[in-house]
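Taking it in order: structure first as structure tokens, then the write-up.
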Amino acid sequence: GLPTRVRIHEVGPRDGLQNEQAVVPTEVKAEFIHRLAAAGLPVVEATSFVHPKWVPQLADAERLFPMLADLDPRHLPVLVPNERGLDRALALGARRIAVFASATESFARANLNRTVDEALAMFEPVVRRARDEKVHVRGYLSMCFGDPWEGRVPIAQVVRVCRALFDLGCDELSLGDTIGVATPGHVQHLLAALNEAGVPTSRLGVHFHDTYGQALANTFAALQHGVTTVDASAGGLGGCPYAKSATGNLATEDLVWMLHGLGIETGVDLERLTGTSVWLAGVLGRPSPSRTVRALSHK
Ligand code: HMG
Ligand code: MG
Numbered sequence: 019g020l021p022t023r024v025r026i027h028e029v030g031p032r033d034g035l036q037n038e039q040a041v042v043p044t045e046v047k048a049e050f051i052h053r054l055a056a057a058g059l060p061v062v063e064a065t066s067f068v069h070p071k072w073v074p075q076l077a078d079a080e081r082l083f084p085m086l087a088d089l090d091p092r093h094l095p096v097l098v099p100n101e102r103g104l105d106r107a108l109a110l111g112a113r114r115i116a117v118f119a120s121a122t123e124s125f126a127r128a129n130l131n132r133t134v135d136e137a138l139a140m141f142e143p144v145v146r147r148a149r150d151e152k153v154h155v156r157g158y159l160s161m162c163f164g165d166p167w168e169g170r171v172p173i174a175q176v177v178r179v180c181r182a183l184f185d186l187g188c189d190e191l192s193l194g195d196t197i198g199v200a201t202p203g204h205v206q207h208l209l210a211a212l213n214e215a216g217v218p219t220s221r222l223g224v225h226f227h228d229t230y231g232q233a234l235a236n237t238f239a240a241l242q243h244g245v246t247t248v249d250a251s252a253g254g255l256g257g258c259p260y261a262k263s264a265t266g267n268l269a270t271e272d273l274v275w276m277l278h279g280l281g282i283e284t285g286v287d288l289e290r291l292t293g294t295s296v297w298l299a300g301v302l303g304r305p306s307p308s309r310t311v312r313a314l315s316h317k
């Protein structure tokens, strides 16, 4: 059966904007996040405390995060790759973080300059210290289905790193289809394998990119399997600077349209959300790729 409620983990301001070539003004980012929260999104991933040379778009994290002081930091996760990033995030009052691992060696190298196991070792003190401070920790696992350099990713490889992230102490884990090559049968095979390996489905989220137009179908497959946390980005913004061929994330509007149609609650006001994406598309100077945004804004 399907769940009665889904928690949408909004990644537009982080996964979406990190891929924009032109630097977006910090004030625009702050307004974007405020509008997303006002549209009812329960979790809005705000920024990353990574090396500014690796992701120049998010180099303003120190200026942005304090502009969100009127929002509850427990609902504003930030990406943190290492202890340096954790120090920066905690100094500003962040209360929810995400570390980000890879199921493949190629992407671990490209994204973190580490092997898979070196990256896990880098996260160990981050997760331990965060938990000591009662900060919620999400683990991302990228390249769970396919990798641009390595092709189809063996399920056993994904299961191993998934378990390692939970062993470190992550509260939840997001399964990333970073380049958007997953199809629904593959999603179900992976979820079944994780279930068999003792990974609790209630602590899994799914993170689909829409490169081949499969993101919604993949989400539906995951919901049928008991997943209730779904990542999406407003207007379908996004991609990944270190994963060639990745396009935008599943658009939050497309997801909300499907979920509400199924009678599944999200707490999101679709009209306000669409208005936000239309506004941001105006700022970025290009229309949103989301079908739902297009349909609702031309009604
Ligand atoms: P490195 O070059 O190996 O860094 O990069 P290092 O540890 O050797 O340190 C080198 C210098 O960087 C040092 O300075 C550090 O202090 C500094 P120095 O002593 O030479 O003056 N440094 C930092 N400065 C600020 N903040 C920090 C930080 N860390 C070190 N946090 C590193 C390693 C992890 C830092 C780098 O690879 C990095 O920042 N990577 C981030 C890449 C990224 O953000 N990618 C996008 C997010 S992942 C994603 O989008 C996928 C996802 O959406 C899911 C999916 O779709 O699959 C989540
Ligand atoms: Mg992503």
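UniProt numbering numbers the first residue of the sequence shown as 19 and each following residue consecutively. Note that CB positions come from ideal geometry on N, CA and C, so glycine has one too.
Problem set entry | Counted within 10 angstroms of its Cβ, other Cβ atoms place His-278 as buried (16 or more) or exposed | Per the 10 Å Cβ criterion, exposed.
For this session: Express the C-alpha separation of Asn-100 and Val-155 in angstroms, rounding to a whole number.
Result: Going by the C-alpha atoms only, they are around 13 Å apart.
Exercise. Do Pro-91 and Ala-109 have their C-beta atoms closer together than 8 Å?
Worked result: It is not a contact, given that the beta carbons lie outside the stated cut-off.
Exercise. Applying the criterion that 16 or more other CB atoms from any shown protein chain within 10 Å of the CB defines a buried residue, is His-27 buried or exposed?
Worked result: Looking at its Cβ environment, which holds 16 or more other Cβ atoms inside 10 Å, His-27 is buried.
Exercise. Within the chosen definition, does the region 240-247 reach the region 218-227 through at least 3 CB pairs nearer than 8 Å?
Worked result: With a cut-off of 8 Å, the region 218-227 and the region 240-247 count as touching, because enough Cβ pairs lie within range.
Exercise. Around the C-beta of Pro-31, are 16 or more other C-beta atoms found within 10 angstroms, so that it is buried, or is it exposed?
Worked result: By the 16-neighbour rule on beta-carbons within 10 angstroms, Pro-31 is buried.
Exercise. Of the residues Thr-292, Met-276, Ala-313 and Leu-291, which one's Cα is nearest the Cα of Pro-21?
Worked result: Pro-21 has its Cα closest to that of Met-276, out of Thr-292, Met-276, Ala-313 and Leu-291.
Exercise. What is the C-beta distance between Val-171 and Cys-180, in whole angstroms, given that I count them as a contact (C-beta under 8 Å)?
Worked result: That belief does not hold up - the Cβ atoms of Val-171 and Cys-180 are roughly 12 Å apart, past 8 Å.
Exercise. DSSP on His-243, reduced to helix/strand/coil?
Worked result: Note: His-243 maps to coil in three-state DSSP.
Problem set entry | Ser-120 in three-state terms, based on DSSP | Strand, per DSSP.
For this session: Consider the C-beta atom of Arg-127 and the heavy atoms of the ligand HMG; say whether any pair is separated by less than 7 Å.
Result: Flag unset: Cβ of Arg-127 not near the ligand HMG.
For this session: Specify the secondary structure class of Asn-267 as computed by DSSP and reduced to three states.
Result: In the structure shown, Asn-267 sits in a strand (DSSP, three-state: E or B).
For this session: Measure the alpha-carbon distance for Val-145 versus Arg-106 and round it to whole angstroms.
Result: Roughly 15 Å between the two C-alpha positions.
For this session: Tell me where the beta strand (DSSP E) around Ser-192 begins and ends.
Result: Counted as a single uninterrupted DSSP element, the beta strand (DSSP E) harbouring Ser-192 occupies residues 190-195.
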